[in-house]
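Below is one structure, written out as structure tokens, with a few remarks after it.
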Amino acid sequence: MFTHLTDWFPVLLSLRVALIAVVIITCLGLPLARLMARREFYGKEFVEAAITLPLVLPPSVVGYGLLVVIGKNGLLGKTLAGMGISLVFTWYAVVLAATVVAFPLMYQSAKAAFQSVDVNLEKAARTLGAGEVRIFFTVTLPLAWPGIVAGLVLSFARALGEFGATLMVAGNIPGQTQTIPTAIYFAVESGKNETASTLVAIITVFSFIVIFWVNRWAKKQKY
Amino acid sequence: MLEAHLTKKLWHFTLDVEFKVENQILLLWGHSGSGKTTILHLLAGLLQPTAGFVKIKDRVLYSDMEKINVSPQARNFGYLFQEYALFPHMTVRQNVLYGLKSKKRKQDSSTDPVELLNSFGVGHLIDRYPRQLSGGEKQRVALARALAVRPQVLLLDEPFSALDKKTRVVLRQELRKLHEQWQIPFVLVTHDEEDASYLGDEIISLEKGRVRDIKTPFAGHSKAVRTDSLASLQM
Chain A
6 MFTHLTDWFP
16 VLLSLRVALI
26 AVVIITCLGL
36 PLARLMARRE
46 FYGKEFVEAA
56 ITLPLVLPPS
66 VVGYGLLVVI
76 GKNGLLGKTL
86 AGMGISLVFT
96 WYAVVLAATV
106 VAFPLMYQSA
116 KAAFQSVDVN
126 LEKAARTLGA
136 GEVRIFFTVT
146 LPLAWPGIVA
156 GLVLSFARAL
166 GEFGATLMVA
176 GNIPGQTQTI
186 PTAIYFAVES
196 GKNETASTLV
206 AIITVFSFIV
216 IFWVNRWAKK
226 QKY
Chain B
22 MLEAHLTKKL
32 WHFTLDVEFK
42 VENQILLLWG
52 HSGSGKTTIL
62 HLLAGLLQPT
72 AGFVKIKDRV
82 LYSDMEKINV
92 SPQARNFGYL
102 FQEYALFPHM
112 TVRQNVLYGL
122 KSKKRKQDSS
132 TDPVELLNSF
142 GVGHLIDRYP
152 RQLSGGEKQR
162 VALARALAVR
172 PQVLLLDEPF
182 SALDKKTRVV
192 LRQELRKLHE
202 QWQIPFVLVT
212 HDEEDASYLG
222 DEIISLEKGR
232 VRDIKTPFAG
242 HSKAVRTDSL
252 ASLQM
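Taken in sequence, the protein lines are chains A and B. Going by our numbering, the first sequence opens with residue 6, and the numbers climb by one from there. Going by our numbering, the second sequence opens with residue 22, and the numbers climb by one from there.
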């Protein structure tokens with residue numbers, strides 16, 4: 006077992022999906038978290054709740070919601086179908102499910118990290134003539150970095166382990182949309198315990214190494 | 022000369038003060054919650070007044086009538102924060118150089134940061150991080166950082182409150198000397214009466230955002246005045 010390249014497909018797909026999802030989450034989540042950390046506006050709590058919702062909802066509910074949006078007769082799916090694009094049951098749908106489910110973890114960690122930066126440091130930088138972009142990259146981001154990395158790890162882990170929503174929008178097509186979690190489930194289901202335990206070992210060891218390494222790194226980042 | 026009239030609605034009272042200061046130390050004295058820090062923020066442009074103006078040597082930095090509001094970046098006001106607000110992830114050298122790297126500063130207007138740190142007696146700490154410094158050392162570094170960009174005004178928020186008594190006395194004397202060297206307006210905020218009487222060329226006492234009285238200890242006289250008659254005062 007695991008001698009053929011195809012055996013490794015779920016592992017490679019899971020890693021690829023989790024990495025892409027984390028990149029998307031970072032690009033969208035960091036600016037949003039920065040905005041929400043310091044700004045007050047009418048309806049802020051409403052927006053906050055909406056962003057956090059995928060974290061607390063059962064993954065199957067999120068999956069159903071995604072189907073409503075990108076399904077063949079979905080709100081967005083119809084338009085895409087007209088252009089000849091179908092997302093459901095492709096690996097793009099796997100990425101989408103992982104992104105939506107893991108997003109709140111990154112958002113929450115990054116927001117808390119930005120809020121923990123002393124506002125006086127940003128004010129001091131302003132009086133020293135630094136523009137807002139420079140302040141963000143030289144003061145806010147470096148000081149919020151440990152919290153952001155925590156968010157990266159959490160959302161990566163969540164994306165890697167995503168099961169319910171993935172199954173609903175992308176199914177379990179070997180060689181196409183089968184990730185580690187879905188592969189494990191269907192391996193056990195069909196009595197292939199050897200395949201299941203190998204995948205379990207791979208994901209457990211990998212996750213352990215990542216968390217161990219990040220925790221060690223975070224310890225060195227105290228000012 | 023720094024001249025300002027500032028009004029700002031705060032949630033529990035309305036701040037309304039007016040003052041003029043030549044190249045002297047103007048001291049704002051008052052209990053905590055009397056609006057002192059807010060005044061410094063308004064002067065530096067970190068907060069926007071509800072109405073009023075801020076002028077330095079006839080250059081308008083803020084005016085609600087003329088709709089002028091110069092950004093804090095372009096005001097060139099040195100600001101010493103209460104807990105000094107040194108960047109914890111940067112060395113002393115990087116802290117002091119921070120303002121000099123801003124594009125808006127002219128190259129010739131800068132001071133050599135190493136020399137400046139030496140003059141404050143903290144040149145040997147240049148590669149340390151803020152957490153490795155004592156309170157007095159932090160203050161000297163923060164002063165060097167604020168002055169490195171050659172500000173036209175220096176604002177100081179409770180500069181001695183985080184220090185022990187002995188250090189406080191030494192640093193008060195240093196600050197007086199510093200003011201003699203720089204010859205720019207200093208606006209210093211404190212709740213400590215000793216600070217006030219030792220440092221203030223002019224002392225404005227604040228109460229709930231209003232001027233309660235103005236003293237000029239070194240001129241040897243004191244006057245209690247109402248806020249609305251301030252403008253007519255010769256300073």
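For every residue, glycine included, the Cβ atom is placed at its ideal position computed from N, Cα and C.
A/Asp123 has a beta carbon lying within less than 8 angstroms of a beta carbon in chain B. When Cβ-Cβ separations below 8 angstroms define contact, B/Gln94 makes contact with chain A.
Bridge partners of B/Glu43 according to DSSP: none are assigned. B/Lys198 sits exposed, since fewer than 16 C-beta atoms from the chains shown fall within 10 Å of its C-beta.
Scanning its chain for C-beta atoms nearer than 7 angstroms, with the 5 sequence neighbours on each side dropped, one finds around B/Leu118 the residues Pro134, in chain order.
Of the candidates A/Phe213, A/Gly87, A/Leu133, A/Asp123, A/Leu133 places its Cα closest to the Cα of B/Ala65. Within chain A, no C-beta atom comes nearer than 9 angstroms to that of B/Phe181; the closest sits roughly 17 angstroms away. Per DSSP, the unbroken beta strand (DSSP E) holding B/His26 starts and ends at 23-30.
In the DSSP annotation of this structure, the continuous segment of the alpha helix (DSSP H) that includes B/Asp216 starts and ends at 214-220.
Scanning chain B for C-beta atoms nearer than 7 angstroms to the C-beta of A/Pro147 yields His110, reported in chain order.
Under the rule that a run must span 4 or more residues, the alpha helix (DSSP H) segments found entirely inside the stretch 65-104 of chain A read 82-87. Within the stretch 167-198 of chain B, Ala167, Ala169, Val170, Pro172, Leu176 place their CB atoms closer than 9 angstroms to a CB of chain A, listed in sequence order.
Taken in chain order, the complete beta strand (DSSP E) segments of 3 residues or longer contained in the stretch 102-189 of chain B are 174-178. Around the C-beta of A/Leu10, fewer than 16 other C-beta atoms lie within 10 Å, and the residue is accordingly described as exposed. Per DSSP, reduced to three states, the secondary structure at A/Phe168 is coil, with no helix or strand assignment.
Counting C-beta pairs closer than 8 angstroms gives fewer than three between the stretch 56-72 of chain B and the stretch 90-107 of chain A, which falls short of the contact rule. Contact residues of the stretch 49-78 of chain B toward chain A are His62, Ala65, Gly66, Leu67 (C-beta to C-beta distance below 9 angstroms).
Residue environment for A/Thr8: exposed (fewer than 16 other C-beta atoms within 10 angstroms of its C-beta). For A/Ser202, the enclosing alpha helix (DSSP H) starts and ends at 198-224. For the C-beta of A/Arg131, the chain B residues within less than 7 angstroms are, from N- to C-terminus, Leu67, Pro93, Gln94. Pairwise C-beta distances place the stretch 122-139 of chain A in contact with the stretch 88-96 of chain B, as three or more of them are shorter than 8 angstroms.
Assignment of A/Ala135 by DSSP, reduced to helix, strand and coil, places it in the coil class.
In this structure, B/Gly73 and B/His110 do not form a Cβ contact; the two beta carbons are roughly 37 angstroms apart against a cut-off of 8 angstroms.
One Cα belongs to B/Ile46, the other to A/Lys225, and the distance between them is close to 43 angstroms. The secondary-structure analysis by DSSP pairs B/Lys76 across a beta bridge with B/Glu24, B/Val81.
Straight-line spacing of the CA atoms in A/Ala55 and B/Arg166 works out to 43 angstroms.
Under the three-state reduction of DSSP, A/Asn125 is assigned to helix.
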